[in-house]
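Numbering (the working numbering), first residue to last: -15 to 106.
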C-alpha cells in the first residue's frame, strides 16, 4: 500500500496542471496578467488595475498580486516617495506566458456561446 501512495504523490508532484497552472489559473490572476500585458507602458499601479477590474475586491487584488509576485510572474517596484508609489509589471517569465493566455482568450471568444450557452442552472 505504501508503494501505491508514493506513486500517487509522485504523479501529483510532477503534474503540470496541479503544480504550475493552478498557481495562476484562477480568473483574477489571468485578468491581472492580461491587464498588465495590455498596458501601453507595460507598467501599472494598483489603482489602475482596480479601475479595470471593478468586480475584484481590493483585498482579492492585493492577494492576487502578491501571489503572482511570489511565483515570479509579476514584479513589484516601490518608489521611496510620500505617499509611496508602487508599480507592477510582468517579469520575463510572465511575458513568456502571455502568448498562451492570448491563445486561450481567443479560444474563449470563439467558443463562448458553446461553453456558456451549455450551462445548466438549477
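Glycine included, C-beta positions come from ideal geometry on N, C-alpha and C.
Using alpha carbons as the reference points, say which of 67, 93, 94, 52 lies closest to residue 76.
Nearest option by C-alpha distance: 52.
Chain-order list of residues whose beta-carbon lies under 8 Å from that of residue 101 (same chain, five-residue window excluded)
Cβ neighbours of residue 101 beyond the five flanking positions: none.
I'd like the span of the beta strand (DSSP E) that includes residue 71, first residue to last.
Residue 71 -> beta strand (DSSP E) spans 69 to 74.
Taking just the CA atoms, how far does residue 45 sit from residue 11?
Taking the straight line joining both Cα atoms gives about 11 Å.
With DSSP collapsed to three states, give me the class of residue 59.
Reduced to three states, the DSSP call for residue 59 is strand.
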